[in-house]
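Participant: As they're listed, the protein sequences go chains A and B.
Counting in this note's numbering, the first sequence runs from 27 upward without gaps.
Counting in this note's numbering, the second sequence runs from 380 upward without gaps.
Every residue gets a Cβ at the ideal spot worked out from N, C-alpha and C, and that includes glycine.
Keep in mind that this is a model prediction, so the values were computed, not measured.
One structure is given below, represented as structure tokens, and several questions about it will come after.
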Amino acid sequence: MKKSSILMIIGSLLLFGLFYFPLWNIELGAPQYPIPLGMNIYINGIEGVEEFDLQNIDGLNHYIGMKTIPKADQMWEFTVFPIVISCMSIIGIVLGVAGYFNKIKPSYFLFWFITMGVLGLLGMYDFNLWLIDYGSDLDPHAIMKMVDPQGNPLTYEPPLFGHRKILNFDAYSYPHIGAYLMALGMLLTFIAYWVGLKSKND
Amino acid sequence: MNKNINLFLISAFASFTLFSCNNSKESSKGAISTNAAEKVYVAPGEYDEYYGFFSGGFSGQLSVYGLPSGRLFKVIPVFSQDPEKGYGYSEETKPMLMTSHGFIPWDDSHHPDISQTNGELDGRWIFINGNNTPRIARIDLEDFSTAEIIEVPNSAGNHSSSFITENTEYVVAGTRFSVPIPQRDIPIKDYKGNFKGALSFIKVDQQSGEMDLAFQIHMPGFNYDLSHPGRGKSHGWFFFTTYNTEEAHSLLEVNASQNDKDFIAAVNWKKAEEYIKAGKGKKMPANYAHNKFDPETHTATHTMKKEVLVLDATEFDDLVYLLPTPKSPHGCDVDPSGEYIIGNGKLSANLTVHSFTKMLDAIENKKFDGDAYGLPILKFDEVLAGVVEQPGLGPLHTEFDGRGNAYTTFFISSEVVKWKLGTWEIVDRKPTYYSVGHLMIPGGNSRKPDGKYMVAMNKITKDRYLPVGPDLNHSAQLYDITGDKMELILDFPTIGEPHYAAAIKADKIKDKARQIYKLSENKHPYSVKSPNETKVERKGNEVHIYMSMIRSHFTPDNIEGVKVGDKVFFHVTNLEQDFDVPHGIAMLGANTSELLVTPGKTETFVWEPKQVGVWPFYCTDFCSALHQEMQGYIRVSPKDSNIELSWSLDDE
């Protein structure tokens, strides 16, 4: 149980990586932007990959009537996510310590893992809602109002995952270091459960 | 007198016929057969190996080329107004062109030299001389623009300039024409003995690059043609070629060609520093401009300096020695080791090479051959290292490849000759097209030349390109010099008349090239940081417009209340913080150029409306898809109108 508890603690600690590394990264390249503009999405706000990238993305987006990229205080997520992550991490560590002293059963680790997984999925779902809103809630007075061949207004949301062509831009959206650390952390907590379960059976 | 000229012409003609056979043989070889095309081909989107900085000569500017492709990247305005960039037209840059003679919109730029550390190019700055109204400019290699111009007093025809010492301690500027010092009203025929030549040592601040005229050495009234610093073992010395040691004041082509030998003046500047330190310099009243461009306010300032510290060479021992050098030497070149000083005697049949070691020995043992105005003349044979026999006609300049070879240009026989240092044997010769002046090997004027390419800069173009009327751009030729034989691999036209060039490995500077100016660091007094700060103010008949520009509009774009007779200042800030998004602005009827404002900068032009009406202004640089919409109007009312100033964007 000791080995599995240490894994649980390490796994939970890795969540704190989200405070230092971006969760997600969206890159926007175009013929005029051979060095793509990019935004790094952290759990507590959005930052440009380069100093003026957000300003330049907003500058370009004003032609098609998109809202500016939200500041940290303009979205509740950027306040709530850090609290959720901190809580989950601390709870995970507490569970790990408790496990180390044989106070709890490995199934607590599994319970934590499932809870975290559900929260993560909810987060992704919420993130996707924002992307859709960001890309489709357009200023009716936009300079350029583009329509598809059927006459429906074009929307410009970047993909949640992967590539999408948006006018002259190629948008690429992928998880970043923070997300990988979280995934690794969660994997470790699941292994912690597995190892704990096995050692108990032995 | 006539005999001399005839001889000259005959030899020139003979050489031309001699080498014209060579020419046809050369040109029958296709580029394909020698892989020349491959050597200069830089595929689309790929970068050149070197930055090449070519002086503009009578254009007054400095152009930036890629080598080996010969592609033009930029023309940096230095001594001449440039309406394309608003340089010398905008209120911020006008002070850069101020001199003791007032505003001068032009000069003749000659010899660019890149800053060095330990005798190697470091790519911090590049310096260049203005020849006509003597000035030295410093160009910042972060934003490739002119940062500073200092006028050189007591100088005239600032030609043996602007060469730098091996740690950029000094940028040195010598006078080509000697003049009365101080300037005064005397008969021209009183030249001899009364005219003097000033050699100026301009200190360079190692952090900021700022120039300061530390001292001048006043020399006899010869013409100081070209110069180069000692390096390595000869660091601390500077060498100047002289001609007109006859001190003629008229028909110099004859009267200054009489002496069998002129001199290379070896100046011990470390000694000069000692004299200055010991307080031996004389303070002399002077009047010269010092113009600086402040990167924070994006504005140039112009101040006049009133004094210069002078050492009269004839009054000091161990300061200057004269090395006899045949026949009006032009180029004065020092090999990478610092041992050989080459005097390119332009009317001499041979090429004279002096030895620095022998020079020191001759000085030590007082092997003198008389003096000129008290300056010891060293015995020719005692300083001579060797002679390159009959290399060609009209030698002008020599550069080095760092592998023990020297390359000398021959103007009259129109060729570059490769020869070996030490053995003085000729290894190869290749024609140039036509009448080559300077040549340049990247780092060729440093301890570490990069002997891959050599560029010949020619004075005569004739039939090299499609004909475009009587005046032609000068032509440069690129040679591959990695093999035993030089190989001509590219011809390319240049801007103005590149007298000299300097090149540096692209890697040394490309990554520090500035992309934008940070708006948050803009300290221009009329800057705006956002459209909210824009406004229009009246001060008497002056109207100041604080305007912003961003894709794709001006703020404000409608202004009323301007009257005939007003002086309207457009202070325009480009709010963009994105690489390569400049905006331009031009006003119908303004008696000046456009402005081209790079991101984060503020610039100003003045418009004095003379006619009532509603007049448009617009963005002159196709900035965005809606560039054509980037425009505005100013309503101009009669002088006595009482319409209040108002301004708006989108009627708000």
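1. Any chance the region 951 to 959 of chain B sits against the region 887 to 896 of chain B, with 3 or more Cβ pairs inside 8 Å?
2. Can you tell me where the beta strand (DSSP E) holding P608(B) begins and where it ends?
3. Tell me, please, whether the CB atom of R450(B) is closer than 8 Å to any CB atom in chain A?
4. Does Q81(A) have its Cβ less than 8 Å from a Cβ in chain B?
5. Measure from the C-beta of F893(B) to each C-beta in chain A and report whether the shortest distance is under 8 Å.
6. Quick one: does L1005(B) have its CB under 8 Å from some CB of chain A?
7. Exposed or buried, which one is P462(B) when buried takes at least 16 other CB atoms within 10 Å?
8. Nearest to H903(B) by alpha carbon, out of V806(B), S448(B) and E470(B)?
9. Can the beta-carbon of G771(B) be found closer than 8 Å to that of E794(B)?
10. Between the region 935 to 958 of chain B and chain A, which residues of the former have CB atoms less than 7 Å from a CB of the latter, in chain order?
11. Below 8 Å on the Cβ atoms is my guess for N634(B) versus F601(B); work out the distance and round it to an integer in Å.
12. Counting only beta-carbon atoms, is I515(B) nearer than 8 Å to chain A?
13. With 8 Å as the threshold, decide whether the Cβ of I169(A) is near any Cβ in chain B.
14. Check the C-beta distance from P474(B) over to N638(B) and give it rounded, since I have them as a contact under 8 Å.
15. Quick check: the Cα distance between A855(B) and P849(B), rounded to an integer number of angstroms?
16. Which value, in whole angstroms, describes the spacing of the CA atoms of S399(B) and E548(B)?
17. Taking 8 Å as the threshold (beta carbon to beta carbon), is G85(A) in contact with chain B?
18. Could you check if K737(B) is buried or exposed, using at least 16 other CB atoms within 10 Å of its CB as the buried criterion?
19. With a cut-off of 8 Å, does the C-beta of C400(B) fall near any C-beta of chain A?
20. Using 10 angstroms around the beta-carbon of T861(B), count the other beta-carbons present and answer buried if the total reaches 16, otherwise exposed.
21. Just the C-alpha distance for G188(A) and S199(A), rounded to the nearest angstrom, thanks.
22. So the candidates are H681(B), G919(B) and T934(B); which of them puts its Cα closest to the Cα of V941(B)?
23. Spatial neighbours of E103(A) within its chain, please: CB distance less than 7 Å, with the 5 preceding and 5 following residues excluded, ordered by chain position.
24. Does the beta-carbon of D936(B) have 16 or more other beta-carbons within 10 angstroms, so that it is buried, or is it exposed?
25. Rounded to the nearest angstrom, what separates N402(B) and Y813(B) at their Cα positions?
26. How far does the beta strand (DSSP E) with Y68(A) in it extend, from its first residue to its last?
27. In the DSSP output, which residue or residues are listed as bridge partners for E626(B)?
28. Mind checking if Y46(A) is an interface residue toward chain B, Cβ cutoff 8 Å exclusive?
29. Is the Cβ of R930(B) closer than 8 Å to any Cβ of chain A?
30. In chain B, which residues lie less than 9 Å from Y89(A) when you measure between Cβ atoms?
31. So, is the C-beta of F195(A) closer than 8 Å to a C-beta in chain B?
32. List the residues that DSSP assigns as beta-bridge partners of Y46(A).
33. Which of helix, strand or coil does DSSP assign to D84(A)?
34. Which of helix, strand or coil does DSSP assign to K131(A)?
35. Between H490(B) and H878(B), which are expected to be in contact by the criterion C-beta below 8 Å, what is the C-beta distance as a whole number of angstroms?
Facilitator: Looking at the atomic coordinates:
1. Touching, yes, given that three or more Cβ pairs across the two stretches are closer than 8 Å.
2. Residues N602 to P608.
3. R450(B) has a beta carbon lying at 8 Å or more from every beta carbon in chain A.
4. For Q81(A), the nearest CB of chain B lies under 8 Å from its own CB, placing it at the interface with that chain.
5. Checking the displayed sequence, the identity of residue 893(B) turns out to be Arg instead of Phe. Interface residue (Cβ-Cβ distance to chain A less than 8 Å): R893(B) is not classified as such.
6. So yes, L1005(B) belongs to the interface.
7. Exposed, since its Cβ has fewer than 16 Cβ neighbours within 10 Å.
8. Of V806(B), S448(B) and E470(B), the smallest CA-CA separation from H903(B) is found for E470(B).
9. In this structure, E794(B) lies closer than 8 Å to G771(B) by Cβ.
10. Residues Q956 and D957.
11. About 13 Å; that fails the 8 Å criterion.
12. No - not a single Cβ of chain A is within 8 Å of the one on I515(B).
13. Yes, because at least one Cβ of chain B sits closer than 8 Å to the Cβ of I169(A).
14. Between N638(B) and P474(B) the Cβ distance is about 44 Å, and since that is not below 8 Å, they are no contact.
15. CA-CA distance, A855(B) to P849(B), rounds to 18 Å.
16. In this prediction, S399(B) has a pLDDT of 43, which is less than 50 and means its spatial position is unreliable; what the coordinates show is noted afterwards. Spanning the two alpha carbons is a distance of roughly 46 Å.
17. Residue-level contact check: G85(A) touches chain B, since one or more beta carbons of chain B fall below 8 Å from its beta carbon.
18. Burial call: buried.
19. Low confidence applies to C400(B): its pLDDT is 43, below 50, so where it sits in the model is not reliable, and the reading given next is rough at best. Interface with chain A (8 Å Cβ-Cβ cutoff): C400(B) is excluded.
20. It counts as exposed.
21. Rounded to the nearest angstrom, the gap between the Cα atoms of G188(A) and S199(A) is 5 Å.
22. For V941(B), the nearest C-alpha among the options comes from G919(B).
23. Closer than 7 Å at Cβ, skipping near neighbours: D152.
24. By the 10 Å Cβ count, D936(B) comes out buried.
25. Confidence is the limiting factor: at N402(B) the pLDDT is only 45, short of 50, which leaves the residue's position unreliable, though a coordinate-based value still follows. About 11 Å.
26. For Y68(A), the uninterrupted beta strand (DSSP E) segment begins and ends at Y59 to Y68.
27. E626(B) pairs with nothing; no bridge assigned.
28. It does not: the Cβ of Y46(A) has no partner Cβ on chain B nearer than 8 Å.
29. Residue contact with chain A for R930(B): present (Cβ-Cβ distance below 8 Å to some residue of chain A).
30. Near Y89(A) (Cβ distances below 9 Å), the residues of chain B are R930, S931, S1003, A1004 and L1005.
31. Among the residues facing chain B, F195(A) is not included, as its CB has no counterpart in that chain under 8 Å away.
32. Answer is none; Y46(A) lacks a bridge partner.
33. In the structure shown, D84(A) sits in a helix (DSSP, three-state: H, G or I).
34. In the three-state reduction of the DSSP assignment, K131(A) falls in the coil class, being assigned neither a helical nor a strand state.
35. Yes, they are in contact, since the Cβ atoms of H490(B) and H878(B) sit about 6 Å apart, within 8 Å.
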